[in-house]
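By the working numbering, the letter at position 118 of the sequence shown is numbered 124, and the numbering carries on one by one without gaps.
All C-beta atoms in this analysis are idealised placements derived from N, C-alpha and C, irrespective of residue type, glycine included.
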Amino acid sequence: MGYGLYLDLLGPLAAGKTRSDFPLGGEEDRCRYALEQAGKGKNVALICSGDAGIYAMGALVFELLDRDANAHGVSDAARRVEVISTPGVSALQGAAARAGAPLGHDFCAISLSDLLTPREDIIKRLNAAAVGDFVIAFYNPVSKRRRTLLAEARDILLQHRPADTPVMLASSLGRPEEHIRYRKLSELEVDEVDMLTVVLVGSSHSRLAELGEGPRMFTPRGYARKIDGDLS
C-alpha cells in the first residue's frame, strides 16, 4: 500500500498482491491503515520513495505507534506489530552517485517544505548550514504553491560561499525521464526546479571537474595536503 504513483513504479513486484492506493497528501491515512491491517495479522508493505526513514513514512509510523489509542494513536493490536524498516537509496545518495562524490565531506539535508515545519525553523537551519559550510541537499525544494524558500536559501548561501559554487539539479532520479544539470549558485533559478528535483549545493570547497566523460562534482576531503607532501 502507498501513494498510487509509487505502487505503479513497483511493476511486476506487485503482481498478485492486494493493492491499496492512497492519494498524495494521505500520509496519515495510509500509515494508520497499514498498521491496523498488520494488527489483524496481515503482512503489509508500506511503500515509500527513496528511504522510508528519510523524509518519508517511517517517522510517522513510529509516531503513531508511540501514541495511545485515546491520544489519536492506533489500536493496541496495531501497537504490537513488528515493524521492519528496509533501507533504501535516498535522493541525496542517488544524486551524489550520478554527480561523482559531492558528499565526500560534511553534508546535511534540509527540507524546504513549510507545510509541517515552521518557516522560521527552516530559515534558522539554512543559516546554520550556510555558516558551517556544509554541502546541502535540499528536499522538497518547490511545489506549485511554494516558490520562495529556494530563492531565499540561495541568497542566504551566497552570503557565505562563492557565487560559482557548483549546484546539481537532479530530477526524476532513476526514472526514464531522469535529468541532470549543473549550475553556479548565483545562477540557480527556481523555475528550473520542480517537486521531483533534489538540489545539491556544494560547499566552498566543492568542485565541478570537466572530465572526459563530462562534468563531475566532488568535495575534497583534505587529501590534497597529503598528496602535495604537506603532511607526513
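- Cβ contact annotation for residue 46 (same chain, cutoff 8 Å, sequence separation greater than five): 83, in chain order.
- Check the Cα spacing between residue 219 and each of 154, 106, 203, 142: the tightest is with 106.
- A contact between stretches requires three or more CB pairs, one per stretch, nearer than 8 Å, and the region 136-144 meets this requirement with the region 196-208.
- Here the alpha carbon of residue 183 sits roughly 30 Å from the alpha carbon of residue 128.
- Residue 121 has its alpha-carbon roughly 11 Å from the corresponding atom of residue 151.
- DSSP places residue 162 in the helix class (H, G or I) of the three-state scheme.
- Sequence-distant partners of residue 187 (beyond 5 residues in either direction) whose C-beta falls short of 7 Å from its own C-beta, in its chain, are 175.
- Only residues of its own chain outside the window of five on either side were considered, and among them 118, 132, 144 have a CB closer than 7 Å to the CB of residue 159, listed in chain order.
- If you draw a 10 Å sphere on the C-beta of residue 233, you find fewer than 16 other C-beta atoms in it, and that means exposed.
- Membership of residue 45 in the alpha helix (DSSP H) is indicated by the continuous run 33-45.
- With distances taken between CA atoms, residue 139 lies nearest to 171 out of 124, 149, 171.
- Our two residues, residue 88 and residue 52, have alpha carbons roughly 13 Å apart in a direct line.
- Counting only runs that start and end inside the region 49-130, the beta strand (DSSP E) elements of at least 3 residues fall at 113-117.
- Judged by beta-carbon spacing, residue 102 lies beyond the 8 Å limit of residue 93, meaning their Cβ atoms are not closer than that value.
- Counted as a single uninterrupted DSSP element, the beta strand (DSSP E) harbouring residue 220 occupies residues 220-224.
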